[in-house]
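**Student:** Here's a structure for you.
There are 2 protein chains.
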Amino acid sequence: MPLCDLEQSAGGKSIRNYSVESVFPGGSSIMKKQYVSDLHQRLDVDQNVVLYGWVKARRIHGRIVFIDVVDSTGTIQAVFEKGQCPDVVFVMAKGLTLESSVKVQGQLRARGIQREIVACCLDVISQASIAVDPHVRDPIDIFDPAIQEQLLGHRHFYLRNEKVMAILKFRHLLMGLVHQWFRSQGYTEITAPVLTAVPLYDDRSAIGLTVDNQSIFLTQCVGFYLEWAVHAFEKVYNIGPSFRGEESRSKRHLMEYWHIKAEMAFADLEDVIATVESLISFVSVACHEQGGDLAKTLGRSICRDGVSTPYPRITYAEAVESLKRDGVDFQFGKSLGSDEEELLSRQFKQPFWIVGVPRTIEPFPYVVDPNDPRVTRTADLIATNGYGELLGVAEKIQDLSMLDERLAEKGKLGNPLYEWMRDLRKFGCVPHVGFGLGVERFIRWLIDIPHVRDTIPFPRTFRRKIFP
Amino acid sequence: MPLCDLEQSAGGKSIRNYSVESVFPGGSSIMKKQYVSDLHQRLDVDQNVVLYGWVKARRIHGRIVFIDVVDSTGTIQAVFEKGQCPDVVFVMAKGLTLESSVKVQGQLRARGIQREIVACCLDVISQASIAVDPHVRDPIDIFDPAIQEQLLGHRHFYLRNEKVMAILKFRHLLMGLVHQWFRSQGYTEITAPVLTAVPLYDDRSAIGLTVDNQSIFLTQCVGFYLEWAVHAFEKVYNIGPSFRGEESRSKRHLMEYWHIKAEMAFADLEDVIATVESLISFVSVACHEQGGDLAKTLGRSICRDGVSTPYPRITYAEAVESLKRDGVDFQFGKSLGSDEEELLSRQFKQPFWIVGVPRTIEPFPYVVDPNDPRVTRTADLIATNGYGELLGVAEKIQDLSMLDERLAEKGKLGNPLYEWMRDLRKFGCVPHVGFGLGVERFIRWLIDIPHVRDTIPFPRTFRRKIFP
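Line order of the protein sequences matches chains B and X.
Start counting the first sequence at 1309; every next residue gets the next number (this note's numbering).
Start counting the second sequence at 1309; every next residue gets the next number (this note's numbering).
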């Protein structure tokens, strides 16, 4: 039996009682030195190890108690055998509640290709006094409609679920890759404001508030700010929160979501299409290389439909014709819904572009197509597998007269709050383009998640009361 | 005279008239292929070049017009000489207004160690019809108090100023380095929500709003969310907007700022102090290596006071004694102001820690010091050169009884909206620590900027009406 300080193992004391007080200047004293994933890879079995973590599961078989200890990197079994560890330790192990935090000491031992800890000491950092059903660490189906209310209402607890963690680690991976791609391509990160003077784009879904007697809004899109910024930096991007206060039952809408936005000067529709294809292909490949294990935890594989470029295109007019041939009663000028997008996507094995979205449904800063004034110089990218619209790209208006025509169309001409957008067209404006892609939709498509709410740590949807 | 297509140079036509229509699938057609910084480094002078950019300055000397063309990478002189370029081009060059966007073609020529363009063709993409005084591209002193109203009221225009651009490029550099550091140290990026059910920390400065009949708040600090997250991921960080709706005349407060927040499990005050010192030292060194040219544009050098670690420390009690010795009438338990911090900082050539901030002024989740219950297990880092508080670090409470005591102290015990923070202490809570550092304060200190508002693209201060 390895040596064990019984005094240290005498009960559920606070960890403060035995943490090493570091002395300044002494560098890091971080208690936790060892992680589960490292232990499983160690070849020097029989060594003494110390592991901090949480109780994922407890199994009692007569004289033996098995405790599955989990940390952010995985799970390892700790074995407490009566007679092989102090009685007080055995009794404590037997009484551990799920999710209690512990410090386990013992000898590492091979268990097939994995490792386990033959425990001699146990300190209870904090005994969990509440239980959550289903247990957060259980291999539950986090997408099961029957438990959605429980999972969403207790999201802070279920962050500890390994599938939830896998999705959020994938989000971490994806966001890092997006930053990496933009920076490698010479884009400058411009953090645009959340608090804005005007509702950008869609007035109806803008979330308003009052600060110091001024009526303002939460940003819906940072496009206006980036349009100005490209006239200095030429290529800019922003990854930050956007807000839409619209009632929605769709699986791809959040009230608060993270928005990847980019804008380029001296570029046109072809350029922005090629840019987006390059970004999506890069992220798809890199996620496939680096995120395979995370997808596996979810029982998924990374979607590679976007790896090959270019993506096919149809015009909006062709899409309408195609829908009519399929018996859908669809009017030119309307917005395509999820059902229509899904029907169209059956024709393609890649994401595909719908080029030339009608001016009636696009925001005012987008260029009207000189060859067909019913539509704009824009394109929407529709995902594979029925996941619908991923993003939109657009040429932004350069000429003041076209901007005024569009402002008038949207009832905004003469509103002084839009004058600064008119000023841009008087101050050396150049051809420029932009696109916007929701982080959550991108994740949802790449790892096949039913609802965008599962791809963000603390989802905010219009229908659900905000809490926590 | 180099060849020049007169048809193309016949006037201020829209660039749409001559942009190359790319044919799908044809890859990128981005108009702009050449940048000023590249031209200045080219050895093959006498080559024909095409440059897109803006008119920074125009000088007319009889038969010669000099146009300084600027893009995101620098400025190059284009020379239009009567007789050496078509008359129509010469006349157009002569009539160019400042900030007009242009396409210049001509021959590259050496001009000392730099290059210039002997122009043969000129296309006016968009003739600027308004002027801004002072001109955005002039070498103005952007910190001059006399022009602050003009600069802040026309921030979108002045993004094009080279000093403003240098600061924002520095911001881009710094944000990239911070992400890089956290990721290299094993932190998971957890994007916490902006919309929150409770005012976090300071109720008085919380910005409230109503969504779908629910009263909510804009986040002041993502600490609560990260506290839960470390019980899954152990080490997490977040870089995102935070909001403080408080009246302030200070030079280090914004109503909307970007907040670097991190939290660690199984760690104590010594750990978080060492972590912060490591981060600041890394960023200081890397900014010095990579941001020197940007600082030079500002007539600054990168502050290296934070490179050497560890930083000195005094306790809050010692700080109070020190102030009293200096004749300052300061009460134990109060918050240190800018003046006090500046006075204390004269003792140090490095940033320094004030350890043990009083419980009266610290938020409820921070640990009370068992050795001196008047203070908390926290430390504030004070910058050099009078820049005041940079950030705070804290041990977060692990025990429910201490949390309840602190909730009661702050009048929040029994409020169901804080029950989820109590739940954390019942669910295997472990020792954990956190820190928060404003991006803008960090930049301000590193490159010596008078006011934080100059370090963010579109500043929001409480006193200034939000626009644009």
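C-beta atoms are modelled at their ideal positions from N, C-alpha and C, and glycine is treated no differently.
As the structure is a prediction and not an experimental result, all values here were calculated from the model.
DSSP beta-bridge partners for GLU1697(X)?
**Tutor:** ILE1690(X)
**Student:** Closest to HIS1567(B) by CA distance: which of GLU1578(B), GLN1598(B), LEU1602(B), GLY1531(B) is it?
**Tutor:** Ranking the options by Cα distance to HIS1567(B), first place goes to GLY1531(B).
**Student:** Would you identify the three-state DSSP class for ALA1627(B), choosing helix, strand or coil?
**Tutor:** helix
**Student:** Counting only C-beta atoms, is GLY1320(X) closer than 7 Å to chain B at any point?
**Tutor:** Unreliable positioning characterises GLY1320(X) in this predicted model, as indicated by a pLDDT of 37, which lies under 50. The coordinate reading is nonetheless provided below. Judged by the 7 Å Cβ criterion, GLY1320(X) is not in contact with chain B.
**Student:** What is the rounded straight-line gap between the Cα of ILE1717(B) and the Cα of SER1643(B)?
**Tutor:** With the sequence shown as reference, residue 1717(B) is identified as Glu, and Ile is not the correct amino acid for it. One C-alpha to the other measures close to 17 Å.
**Student:** Hey, could you find the ends of the beta strand (DSSP E) LYS1543(X) is sitting in?
**Tutor:** First-last of the beta strand (DSSP E) with LYS1543(X): 1543–1551.
**Student:** Please name the residues in the stretch 1729–1756 of chain X whose beta-carbon is closer than 9 Å to at least one beta-carbon of chain B, in chain order.
**Tutor:** Those residues of the stretch 1729–1756 of chain X that come within reach of chain B (Cβ to Cβ, closer than 9 Å) are MET1729, ASP1731, LEU1732, ARG1733, LYS1734, PHE1735, GLY1736, CYS1737, VAL1738, PRO1739, VAL1747.
**Student:** Give the residues of chain X in contact with HIS1464(B), contact being defined as C-beta atoms less than 7 Å apart.
**Tutor:** Result: TRP1536, TRP1728.
**Student:** With three or more C-beta pairs closer than 8 Å as the rule, is the stretch 1554–1570 of chain B touching the stretch 1718–1730 of chain B?
**Tutor:** no
**Student:** I want to see whether chain X comes within less than 7 Å of THR1499(B), judged by CB atoms only; does it?
**Tutor:** yes
**Student:** Measure the CB-CB distance between ASN1546(X) and ALA1500(X) and report whether it falls below 7 Å.
**Tutor:** By the CB criterion at 7 Å, ASN1546(X) and ALA1500(X) fall inside the cutoff.
**Student:** Within the same chain, show all residues whose beta-carbon is closer than 8 Å to that of GLU1555(X), passing over the 5 residues directly before and after it, in chain order.
**Tutor:** PHE1770, ARG1771
**Student:** Is the Cβ-Cβ distance between GLN1415(B) and VAL1397(B) less than 7 Å?
**Tutor:** No Cβ-Cβ contact shorter than 7 Å links GLN1415(B) with VAL1397(B).
**Student:** To which residues of the same chain is ILE1372(B) closer than 8 Å at the C-beta, ignoring the five residues directly before and after it?
**Tutor:** VAL1387, PHE1388, GLU1389, LYS1390
**Student:** On the DSSP letters alone, give me the boundaries of the alpha helix (DSSP H) that ILE1588(B) sits inside.
**Tutor:** From DSSP, the alpha helix (DSSP H) with ILE1588(B) extends over 1577–1598.
**Student:** For chain X, check one thing: does any of its Cβ atoms lie closer than 7 Å to the Cβ of HIS1480(B)?
**Tutor:** yes
**Student:** Rounded to a whole number of angstroms, what is the C-alpha to C-alpha distance between TYR1695(B) and PRO1442(B)?
**Tutor:** 29 Å
**Student:** Just the chain X side, please: which residues come within less than 9 Å of SER1616(B) by C-beta, in chain order?
**Tutor:** Result: empty, since nearest Cβ-Cβ is about 11 Å, beyond 9 Å.
**Student:** Report the neighbours of PHE1656(B) on chain X: residues whose CB is nearer than 9 Å to its CB, in chain order.
**Tutor:** Correct list: empty, because the minimum Cβ distance to chain X is about 15 Å.
**Student:** Taking all protein chains shown into account, do 16 or more other C-beta atoms lie within 10 angstroms of the C-beta of GLN1706(X), making it buried, or fewer, making it exposed?
**Tutor:** buried
**Student:** Can you list the alpha helix (DSSP H) stretches of 4 or more residues lying completely in the stretch 1333–1367 of chain B, in chain order?
**Tutor:** 1344–1349
**Student:** Any C-beta of chain B within less than 7 Å: which residues of the stretch 1705–1730 of chain X qualify?
**Tutor:** GLN1706, ASP1707, TRP1728
**Student:** Does VAL1665(B) have its Cβ less than 7 Å from a Cβ in chain X?
**Tutor:** no
**Student:** Given a threshold of 16 other Cβ atoms within 10 Å of its Cβ, counted over all protein chains shown, does ALA1454(B) qualify as buried or as exposed?
**Tutor:** exposed
**Student:** Count the other C-beta atoms from every protein chain shown that fall within 10 angstroms of the C-beta of PHE1541(X), then say buried if there are 16 or more, exposed otherwise.
**Tutor:** Per the 10 Å Cβ criterion, buried.
**Student:** Considering only the alpha carbon of each residue, which of GLN1456(X), LYS1632(X), ARG1423(X) lies closest to HIS1759(X)?
**Tutor:** GLN1456(X)
**Student:** Look up LEU1606(X) in the DSSP assignment and say whether it is helix, strand or coil.
**Tutor:** coil
**Student:** In terms of DSSP beta bridges, what is PHE1525(X) paired with?
**Tutor:** THR1504(X), GLY1516(X)
**Student:** Buried or exposed for ALA1439(X), going by 16 or more other Cβ atoms inside 10 Å?
**Tutor:** exposed
**Student:** Strictly under 7 Å for the Cβ-Cβ distance: is ILE1610(B) near chain X by that measure?
**Tutor:** no
**Student:** Below 7 Å between beta carbons is the criterion; list the residues of the stretch 1576–1591 of chain B that meet it against any residue of chain X, in chain order.
**Tutor:** ASP1576, GLU1578, ASP1579, ALA1582
**Student:** Between the C-alpha atoms of MET1729(X) and CYS1529(X), what's the straight-line distance to the nearest angstrom?
**Tutor:** 14 Å
**Student:** Is the CB of TRP1362(X) under 7 Å away from at least one CB in chain B?
**Tutor:** By this cut-off, TRP1362(X) is an interface position.
**Student:** Would you verify that the beta carbon of GLN1522(X) is, or is not, closer than 7 Å to some beta carbon of chain B?
**Tutor:** yes
**Student:** Quick check on the burial criterion: 16 or more other C-beta atoms within 10 angstroms. Buried or exposed for GLY1370(B)?
**Tutor:** exposed
**Student:** List the residues of chain B whose Cβ lies closer than 8 Å to the Cβ of ASP1379(X), in chain order.
**Tutor:** GLU1542
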